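All remarks here apply to the structure that follows.
2 protein chains.
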Amino acid sequence: MTQTANINIQRLIERIKALGQCGALAGGGAARIALTEQDKQGRDQVVSWMKELGLKISVDQLGNVLAVREGQQPGKPVLVGSHIDTVATGGLYDGNLGVLAGLEVVQTLNEAGISTRRPIAIGFFTNEEGVRFTPDMMGSMVHQGHIELESVLNTRGTDGTILREELERIGYNGSEPCGSMRAHAFIELHVEQGPVLEQEGFTIGAVEGVQGISWTEITVSGVSNHAGTTPMAMRHDAGYAAMAIATFARALAKEMGGYQVATVGCIEMKPNLVNVIPNSVKMTVDLRNTENDKLQEAESRLQQFIEEIAEQEGVTIQTRQLVRFDPTPFDERLISLVEMEADRQGYRVKRLPSGAGHDAQAFAPNCPTAMIFVPSVKGLSHNIEEYTSPDDIEAGANVLLNVVRKLAGE
Amino acid sequence: MTQTANINIQRLIERIKALGQCGALAGGGAARIALTEQDKQGRDQVVSWMKELGLKISVDQLGNVLAVREGQQPGKPVLVGSHIDTVATGGLYDGNLGVLAGLEVVQTLNEAGISTRRPIAIGFFTNEEGVRFTPDMMGSMVHQGHIELESVLNTRGTDGTILREELERIGYNGSEPCGSMRAHAFIELHVEQGPVLEQEGFTIGAVEGVQGISWTEITVSGVSNHAGTTPMAMRHDAGYAAMAIATFARALAKEMGGYQVATVGCIEMKPNLVNVIPNSVKMTVDLRNTENDKLQEAESRLQQFIEEIAEQEGVTIQTRQLVRFDPTPFDERLISLVEMEADRQGYRVKRLPSGAGHDAQAFAPNCPTAMIFVPSVKGLSHNIEEYTSPDDIEAGANVLLNVVRKLAGE
Numbered sequence: 010m011t012q013t014a015n016i017n018i019q020r021l022i023e024r025i026k027a028l029g030q031c032g033a034l035a036g037g038g039a040a041r042i043a044l045t046e047q048d049k050q051g052r053d054q055v056v057s058w059m060k061e062l063g064l065k066i067s068v069d070q071l072g073n074v075l076a077v078r079e080g081q082q083p084g085k086p087v088l089v090g091s092h093i094d095t096v097a098t099g100g101l102y103d104g105n106l107g108v109l110a111g112l113e114v115v116q117t118l119n120e121a122g123i124s125t126r127r128p129i130a131i132g133f134f135t136n137e138e139g140v141r142f143t144p145d146m147m148g149s150m151v152h153q154g155h156i157e158l159e160s161v162l163n164t165r166g167t168d169g170t171i172l173r174e175e176l177e178r179i180g181y182n183g184s185e186p187c188g189s190m191r192a193h194a195f196i197e198l199h200v201e202q203g204p205v206l207e208q209e210g211f212t213i214g215a216v217e218g219v220q221g222i223s224w225t226e227i228t229v230s231g232v233s234n235h236a237g238t239t240p241m242a243m244r245h246d247a248g249y250a251a252m253a254i255a256t257f258a259r260a261l262a263k264e265m266g267g268y269q270v271a272t273v274g275c276i277e278m279k280p281n282l283v284n285v286i287p288n289s290v291k292m293t294v295d296l297r298n299t300e301n302d303k304l305q306e307a308e309s310r311l312q313q314f315i316e317e318i319a320e321q322e323g324v325t326i327q328t329r330q331l332v333r334f335d336p337t338p339f340d341e342r343l344i345s346l347v348e349m350e351a352d353r354q355g356y357r358v359k360r361l362p363s364g365a366g367h368d369a370q371a372f373a374p375n376c377p378t379a380m381i382f383v384p385s386v387k388g389l390s391h392n393i394e395e396y397t398s399p400d401d402i403e404a405g406a407n408v409l410l411n412v413v414r415k416l417a418g419e
Numbered sequence: 010m011t012q013t014a015n016i017n018i019q020r021l022i023e024r025i026k027a028l029g030q031c032g033a034l035a036g037g038g039a040a041r042i043a044l045t046e047q048d049k050q051g052r053d054q055v056v057s058w059m060k061e062l063g064l065k066i067s068v069d070q071l072g073n074v075l076a077v078r079e080g081q082q083p084g085k086p087v088l089v090g091s092h093i094d095t096v097a098t099g100g101l102y103d104g105n106l107g108v109l110a111g112l113e114v115v116q117t118l119n120e121a122g123i124s125t126r127r128p129i130a131i132g133f134f135t136n137e138e139g140v141r142f143t144p145d146m147m148g149s150m151v152h153q154g155h156i157e158l159e160s161v162l163n164t165r166g167t168d169g170t171i172l173r174e175e176l177e178r179i180g181y182n183g184s185e186p187c188g189s190m191r192a193h194a195f196i197e198l199h200v201e202q203g204p205v206l207e208q209e210g211f212t213i214g215a216v217e218g219v220q221g222i223s224w225t226e227i228t229v230s231g232v233s234n235h236a237g238t239t240p241m242a243m244r245h246d247a248g249y250a251a252m253a254i255a256t257f258a259r260a261l262a263k264e265m266g267g268y269q270v271a272t273v274g275c276i277e278m279k280p281n282l283v284n285v286i287p288n289s290v291k292m293t294v295d296l297r298n299t300e301n302d303k304l305q306e307a308e309s310r311l312q313q314f315i316e317e318i319a320e321q322e323g324v325t326i327q328t329r330q331l332v333r334f335d336p337t338p339f340d341e342r343l344i345s346l347v348e349m350e351a352d353r354q355g356y357r358v359k360r361l362p363s364g365a366g367h368d369a370q371a372f373a374p375n376c377p378t379a380m381i382f383v384p385s386v387k388g389l390s391h392n393i394e395e396y397t398s399p400d401d402i403e404a405g406a407n408v409l410l411n412v413v414r415k416l417a418g419e
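Chains as they are written, first to last, in my numbering: chain A, 10 to 419; chain B, 10 to 419.
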């Protein structure tokens, strides 16, 4: 890798803006919910750029699109990918950046006349957001063999549509079997969607993995009574037990430290009247950690507290697991490679976990995988005000370029 | 008071059941929301009993009904009273017991040929519950000069009706000026509506006064962020601040002890999603105490905690007082009289505060006032399963009888 090359930030920003015109929202941002007309427009736009770059395009049976730049030798490609579908109030960068930066990497190499030993592939995967059809990360999960194709094709959307029919309707029901291409490595450039890099003054995040997620629904059943006539010692207050669980979750995350986070996002009380002791509360606790043993520790300590407070308050508490994903660690060698490349180019780089799910998760069990994060202003994402500065995008894309060159040389 | 007399419990229970037929609900209980057709039926029934007892009946301009048994001498009567309106899911005893036990006292004295020095009056006061027209305790509050008659006559109900028109419609727009009768003393027999007497094995409660009530609405404004990507230290979690306030309120009541109670009955979180840190919470805190300085201490310590948690979590918290009533102490001599009478008759008696509001509150500033409580099974009230055993009702009515005799002899 003697010849230096740098991506063209103006061109990349123009492509980001142009893609944002597909499903553009007033005030900024875009709505390209997977397999809608807007998603089709976005797909057509990206495919036309892929064609302009002379890439060999394939569309698989779930609409995942892969575009390959030949290497000097045949072999498994270095795959750069993400998604171009958005939530209903999507920004311009989430997902799109990883795909369009991939195109920019290819175009930069093409224009500099640089060839690589291995092929380089750019992919975008169907329905990462999971807005209309669940689960999220659908395309990459099927592509990497974690979910059966047939089951997702029959998925019914929140609007009553069938996924298979929507895929046909927009013309992205391809013939390629899902997962026919296996990657030498997978790299995803993405906006952080959190506040850490910006607040701590870093330009590049070397993502260590995706946090494991544990969602628990907790239902507390107590006894409704008059707020005036019921002495404190005679209460079985479902509301108090719920509040105590919520404050315990915060104290637990603080005590465990590290990457442990705990969030009580949802509480519904009944009867929810000023002067009546609540008899029923439904709440959720969202626990995340990068290490599975610590996540299990958090889960088990929460459960223990739930049993203690139920006993103490004389209430009944039922718990139900809503979601449970193990943490997904990324490849140590690739994480270091991202770090070194960023460092070599003079960018401040921080290792950090991803708190949100990404297509890279689907690849991590099957091939060396890493992600590169760039800062999200105010940590905003899934929001039309999502923003990452051109300087930071340029930095991220140049790190991507050089990591890809290195891996494609192997 | 040489001649002994005792009330007729069968007759009293029959009247309670007969009144319960007016607006009877399937499964038990009754709905006689003030100034409805059902209330009119109940009023007509009670008035007909008053007439049978030879009482002199007056209806005032707010529909308060007073019935007087002459004394040996003219003078201010001993007034026994309560209300006969109910909530939508009312029981048979709340309010009704105090009125019907008054009739039973009069009938017992009549049948025993006992006359008293002072007159004895039985009253029922309009709209104690405040279901359709606010405020509650309306009739007694106007009667005792705490609220202007004209303002309440123009009150618009939750169903759009005007109070004055509803009063005319049921024919209880009397001619007597409100409050033309002043009482020598006011005594109200009532079900406890709480669990204390039953759980502690007492038959009679000598009510020391009505707790002061302080309702605060608290609005917490934080910042919504992703539950996975936002480190604990960077959060401004409106939900957490609210939970901390709720658990503080419980700890405060426990630490202060005595009659201090604290209830968080109402919480609304936004956006109320599993994986989003809440940015807005609206909640209520209900604080009550029998002593105003202690209630003020509770209010001020809550406010101090609110300021601390706002600072600590980096959120904004606004508070708004929804309701504030000073505690109403009852007359020490009358409380002792109730205690002594219960004791003399062999009933276990406990001094306790009332956690709910009662018509007696309106009288306490103007004349010696007391209340007699009898146990509520499971503390239930405002519920069709509200129940007090005939033995306990008999005990309460006999204590009432002898307290009234004593006061009417003064």
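Just so it is clear, CB atoms sit at the ideal spot from N, CA and C, and this is done for glycine as well. Note that this is a predicted model, so its numbers are computed, not measured.
Identify which residue in the options has its Cα closest to the Cα of residue i.
| i | options | result |
| --- | --- | --- |
| A:T272 | A:R360, A:G32, A:E308 and A:R244 | A:E308 |
| A:T13 | A:Y356, A:F372, A:T117 and A:V358 | A:T117 |
| B:A242 | A:Q269, A:Y181 and A:G29 | A:Q269 |
| B:L380 | B:K303, B:L261, B:G267 and B:G90 | The amino acid occupying residue 380 of chain B in the given sequence is Met; Leu does not appear at that position. Of the listed residues, the one whose Cα sits closest to B:M380 is B:G90. |
| B:E341 | B:I196, B:A404 and B:T228 | B:I196 |
| A:S189 | A:L71, A:F334 and A:E320 | A:L71 |
| A:P287 | B:P399, B:V294, B:P287 and B:L416 | B:V294 |
| A:N163 | A:H92, A:V77, A:L176 and A:T45 | A:L176 |
| B:R127 | B:V161, B:I222 and B:V77 | B:V77 |
| B:C275 | B:L282, B:V283 and B:E226 | B:E226 |
| A:L311 | A:R329, A:T299 and A:G323 | A:R329 |
Along the chain, where does the beta strand (DSSP E) that runs through residue i open and close?
| i | result |
| --- | --- |
| B:V270 | V270 to T272 |
| A:A130 | I129 to F133 |
| B:E221 | As written in the sequence, residue 221 of chain B is Gly, which differs from the Glu given in the question. Note, B:G221: beta strand (DSSP E), G221 to S230. |
| A:L88 | V87 to S91 |
Along the chain, where does the alpha helix (DSSP H) that runs through residue i open and close?
| i | result |
| --- | --- |
| A:M252 | A247 to M265 |
| A:G107 | N105 to A121 |
| A:R24 | I18 to G29 |
| B:L162 | L158 to L162 |
| B:S149 | M147 to H152 |
Spatial neighbours of residue i within its chain, please: CB distance less than 7 Å, with the 5 preceding and 5 following residues excluded, ordered by chain position.
| i | result |
| --- | --- |
| B:A39 | G29, C31, G32, A33, T95, G99 and L101 |
Measure from the C-beta of residue i to each C-beta in chain A and report whether the shortest distance is under 8 Å.
| i | result |
| --- | --- |
| B:L261 | no |
| B:I326 | no |
| B:D295 | yes |
| B:L409 | no |
| B:R20 | no |
| B:M243 | yes |
| B:Y396 | no |
| B:W58 | no |
| B:M10 | Note that B:M10 scores a pLDDT of 49, beneath 50, so its modelled location is shaky and nothing firm can be said. |
Apart from the five residues on each side of it in sequence, which residues of its chain come closer than 8 Å, Cβ to Cβ, to residue i?
| i | result |
| --- | --- |
| B:Q354 | A404, N407, V408 and N411 |
Excluding the 5 residues preceding and the 5 following residue i in the sequence, name in chain order all residues of the same chain whose CB lies nearer than 6 Å to its CB.
| i | result |
| --- | --- |
| B:V74 | V68 and F133 |
| B:M10 | Any reading at B:M10 must be qualified, since the residue scores a pLDDT of 49, below 50, and its modelled position is unreliable; the value itself is stated next. Taken in chain order, the residues that qualify are R414. |
| B:Y396 | V386 |
| B:A215 | I344, V347, E348, V358 and R360 |
| A:T167 | R141 |
| B:H152 | N73, C187 and G188 |
Does the CB of residue i have a neighbour CB from chain B at under 8 Å?
| i | result |
| --- | --- |
| A:S390 | yes |
| A:E317 | no |
| A:I25 | no |
| A:E201 | yes |
| A:I393 | no |
| A:L176 | no |
Would you say the beta carbon of residue i is closer than 7 Å to some non-hydrogen atom of the ligand COA?
| i | result |
| --- | --- |
| A:Y396 | By its list of ligands, the structure shown contains no ligand whatsoever, and the ligand COA lies outside what it can speak to. |
Can you check the stretch 299-360 of chain A for any alpha helix (DSSP H) of at least 4 residues that lies completely inside it and give the ranges in chain order?
301-322 and 341-353
In chain order, which continuous runs of the alpha helix (DSSP H) of length 4 or greater are located wholly inside the stretch 177-217 of chain B?
205-209
At what residue ranges does the stretch 363-397 of chain A contain a whole run of the alpha helix (DSSP H), taking only runs of 4 or more?
369-372
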